[in-house]
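There are 2 protein chains.
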Amino acid sequence: MSQTALIGVDWGTTSMRLWRFSKTGDIIERERSDRGILKVADGKFREILEAVASDSVAPDVPILMSGMIGSRQGWIEAPYVFCPADIATLADHLQPVPGGINAQIVPGVALRDVGGRRDVMRGEETQILGARLGRGRQLIVLPGTHCKWVLIEDGRIRDFVTFMTGEMYQALRRHTILARLMPDTDTGPDVEAVRRSFAAGLTASLDGEARLMQSLFGIRARGLFDELAPELAPAALSGLLIGAEISEGLALSRRWGLAEIAPLIIGGDILIERYQTAFQQAGISTTTGNEDAGALGLWRIAQQRNLVSQASAPQ
Amino acid sequence: MSQTALIGVDWGTTSMRLWRFSKTGDIIERERSDRGILKVADGKFREILEAVASDSVAPDVPILMSGMIGSRQGWIEAPYVFCPADIATLADHLQPVPGGINAQIVPGVALRDVGGRRDVMRGEETQILGARLGRGRQLIVLPGTHCKWVLIEDGRIRDFVTFMTGEMYQALRRHTILARLMPDTDTGPDVEAVRRSFAAGLTASLDGEARLMQSLFGIRARGLFDELAPELAPAALSGLLIGAEISEGLALSRRWGLAEIAPLIIGGDILIERYQTAFQQAGISTTTGNEDAGALGLWRIAQQRNLVSQASAPQ
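Chains S and P, in that order, give the protein sequences. Just so you know, we're using my numbering here: the first sequence kicks off at 1 and counts up by one. Just so you know, we're using my numbering here: the second sequence kicks off at 1001 and counts up by one.
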């Protein structure tokens, strides 16, 4: 382990990912844990971290963390920095963790726009810095429980909006009458039928006219008349919600004055595929980010702060 | 109790209302119970009914019921009749309850429109018949867990759409991150501040442009920065959702070709007030229905079916 130059941790509400980096910035070890911050009792963050790192953490190896670990419910609060924010802003505001551990937390990013609208992110700012940011205006979409649409301008986080799509899906799917006709698992055995059901959901809400509220109950009604199989209902709901999100998001992107709407999508495989399908159905071409965007973002922030060597430049 | 000409029951998922009618159609007794059909164990509907009627049910007094009591989860399924449906359609399809009890259930109404859209109602059809239905086209809105927007044409239920607004409110308020900053009760002690918070929610979603998905998380973000007091957050969420519903519903009403959009609102007091406020903010004038619309509808269906005297005509 003497080869380790940095330990990077993306520590969210429900899970945690950990990477060890070599001196040249290569990832030499990856760990994943379901011990999100909400599952850590009595503030025992250090114990969990050391257990996941499967080694006691060496005092000379810096640790850099991002995500909800820096929230009020986390290890220690890393106060938000405000938009516009770039890598220097974030690196300048790392929050040291108390207790004699060589660890710091990347701050989240907050927004207050001219109309007084508020928004916040924690963790996504680091994934964004792991992406290839060019000059000019650029759109990044990060699907998830709280999906973010982010306007980047010359490498800075300029504006963003959170869509609670993933959480709405779970709340409607588990805690409304729609739950009654849905099986416990999200996808059925017939992958093609699931895809078609998702696409049909998209069609109903992607047309630019607001129809989400009136379309949800149709899932129930079609189920009652055996016109929608229970195992296809979750995909129909997912399509409706993602379609409504993209419909709103595209209107937002036009207000942002993007010359071309061609989002970079960063996230897990299943969600990336669904969002790619949805954008494609809306006639929008996309690119997808490196799965290790979060790791790469942590490495770059560590470089910026001189926690690791400047020379290396991993891709 | 020999004066009783009819017992009417509106038996829903979470509660039940019961009325005794005199021979002239006057309501001589009202009962309310929280024993909705989901809280009735082992199919003991008759026992619950007799307990709520606070008397053993006399065999010569007809009982007419509406609502989810006629669903698959109820006493016995009363198959849906299809749109267009009027009082004759409903009265012709009453479903007798088995077991030697003089009781029948009003069927629900189902829709399948030209585009294949499906929808269903149970209970609202009876409330609608309790309203004053004129000639021509008319809009009725019935707020609730599943709010219905109904197009009436010459006294017939012609078309309708269900908005899951009430259930979305509960699911988002109780089962997402928004729950964390909300108190258990829905309204704070400062009634005027709650009204303003509701109105602000309406403003954000009533403008005709779809913004619901991106506005929900703002409740959380403003809470984080102490810009929205916890006791005002539920009203803000309610405003956002009802505003989005009305925005969609007004577009729908225009597609329905209503000469004038001036809905009749039927429902409980608190919801009626909120919907009146919302319509007013959208520049739409409303009228409100009799609180006993459900009772009156049951009486009229009983008359139509000759279960009670034709002569009486209660208002």
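Here a beta-carbon is modelled for each residue, glycine too, at the ideal position from N, C-alpha and C.
Close-in-space but distant-in-sequence residues of the same chain around residue i (CB under 6 Å, 5 per side omitted)
i, result
"G1155 (chain P)", "D1086 and L1133"
"E153 (chain S)", "R137"
"G1297 (chain P)", "T1126, Q1127, L1129 and G1130"
"L1038 (chain P)", "T1013"
"F1163 (chain P)", "C1147 and E1245"
"G1074 (chain P)", "I1037 and M1068"
"V141 (chain S)", "W149, P263 and I265"
"S1197 (chain P)", "L1232, A1235 and A1236"
"L202 (chain S)", "G239, G243, A278 and Q281"
"D1034 (chain P)", "S1015"
"Y275 (chain S)", "P143 and I265"
"R17 (chain S)", "D10 and R32"
"T287 (chain S)", "L264"
CB contact check: residue i to chain S, cutoff 8 Å
i, result
"M1016 (chain P)", "no"
"A1221 (chain P)", "yes"
"S1247 (chain P)", "yes"
"V1161 (chain P)", "yes"
"I1157 (chain P)", "no"
"A1282 (chain P)", "no"
"Q1095 (chain P)", "no"
"M1068 (chain P)", "no"
"L1212 (chain P)", "yes"
"M1273 (chain P)", "A small correction: the amino acid at residue 1273 (chain P) is Glu; Met does not occupy that position in the sequence shown. With 8 Å as the cut-off, E1273 (chain P) does not count as an interface residue toward chain S."
"L1296 (chain P)", "no"
"A1193 (chain P)", "no"
Outcome for residue i when other beta-carbon atoms lying within 10 angstroms are tallied against a minimum of 16
i, result
"Q1315 (chain P)", "Low confidence applies here, because Q1315 (chain P) scores a pLDDT of 48, under 50, leaving its location unreliable; read the following figure in that light. When all chains shown are included, Q1315 (chain P) counts as exposed."
"G130 (chain S)", "buried"
"K148 (chain S)", "buried"
"Q3 (chain S)", "exposed"
"S205 (chain S)", "buried"
"F217 (chain S)", "buried"
"G1025 (chain P)", "buried"
"T166 (chain S)", "Rather than Thr, the amino acid found at residue 166 (chain S) in this sequence is Gly. Burial call: buried."
"P143 (chain S)", "buried"
"Q1303 (chain P)", "buried"
"F1225 (chain P)", "exposed"
"T1185 (chain P)", "exposed"
"S285 (chain S)", "exposed"
"E1124 (chain P)", "buried"
"R32 (chain S)", "exposed"
"V1191 (chain P)", "exposed"
"I1270 (chain P)", "exposed"
Cβ shell of residue i (< 8 Å), same chain only, five flanking positions each side left out
i, result
"R300 (chain S)", "I87, L129 and G130"
"D42 (chain S)", "none"
"P1084 (chain P)", "E1153, R1156, I1157 and R1158"
"G1099 (chain P)", "R1046"
Contact set for residue i: own chain, Cβ-Cβ below 7 Å, skip 5 residues either direction
i, result
"A179 (chain S)", "R173"
"M182 (chain S)", "R173, P230, A233 and P234"
"I1219 (chain P)", "L1178, L1228, A1233, A1236 and L1237"
"T89 (chain S)", "V81"
"L94 (chain S)", "Q104, I105, V106 and R305"
"P96 (chain S)", "Q104"
"D113 (chain S)", "D159"
"L252 (chain S)", "W149 and V161"
Cβ of residue i within 8 Å of any chain P Cβ
i, result
"Q315 (chain S)", "Because the pLDDT of Q315 (chain S) is 49, which lies under 50, any placement of that residue in the model is unreliable, and the number read from its coordinates should be weighed accordingly. False, the Cβ-Cβ gap to chain P never drops below 8 Å."
"G218 (chain S)", "yes"
"M1 (chain S)", "Note that M1 (chain S) scores 47 on pLDDT, short of 50, meaning its location in the model is unreliable and no value can be drawn from it."
"D184 (chain S)", "no"
"F225 (chain S)", "yes"
"V114 (chain S)", "no"
"T165 (chain S)", "yes"
"V57 (chain S)", "no"
"A200 (chain S)", "no"
"D119 (chain S)", "yes"
"T203 (chain S)", "no"
"A233 (chain S)", "no"
"M65 (chain S)", "no"
Closer than 7 Å: residue i CB and nearest the ligand NAD heavy atom
i, result
"E31 (chain S)", "In terms of ligand content, the structure shown is empty, and the ligand NAD therefore cannot be addressed."
Residue-level contact to chain A via CB, residue i, 8 Å cutoff
i, result
"L38 (chain S)", "Judged by its chain identifiers, the structure shown contains no chain A, and its protein chains are S and P."
- Assess, as a yes-or-no matter, whether the segment 221-229 of chain S is touched by the segment 255-265 of chain S under the definition of 3 or more beta carbon pairs within less than 8 Å. no
- Message: My parser needs the beta strand (DSSP E) runs of 3 or more residues fully inside the segment 130-201 of chain S; what are they?
- Response: 137-142, 147-153 and 156-163
- Whole runs of the alpha helix (DSSP H) within the segment 22-53 of chain S, excluding any shorter than 4 residues: Every alpha helix (DSSP H) stretch that sits fully inside the segment 22-53 of chain S and reaches 4 residues is listed by chain position as 45-52.
- Task: Inspect the CB distances between the segment 1004-1023 of chain P and the segment 1065-1082 of chain P and report whether three or more fall short of 8 Å.
- Result: Between the segment 1004-1023 of chain P and the segment 1065-1082 of chain P there are three or more inter-stretch CB-CB distances shorter than 8 Å, so the stretches are counted as touching.
- Query: Which whole runs of the beta strand (DSSP E) in the segment 1223-1289 of chain P are 3 residues long or more, in chain order?
  - Reply: none
- Message: I'd like to know if the segment 1236-1254 of chain P and the segment 210-217 of chain S are in contact, where contact means that at least 3 CB-CB pairs between them fall below 8 Å.
- Response: yes
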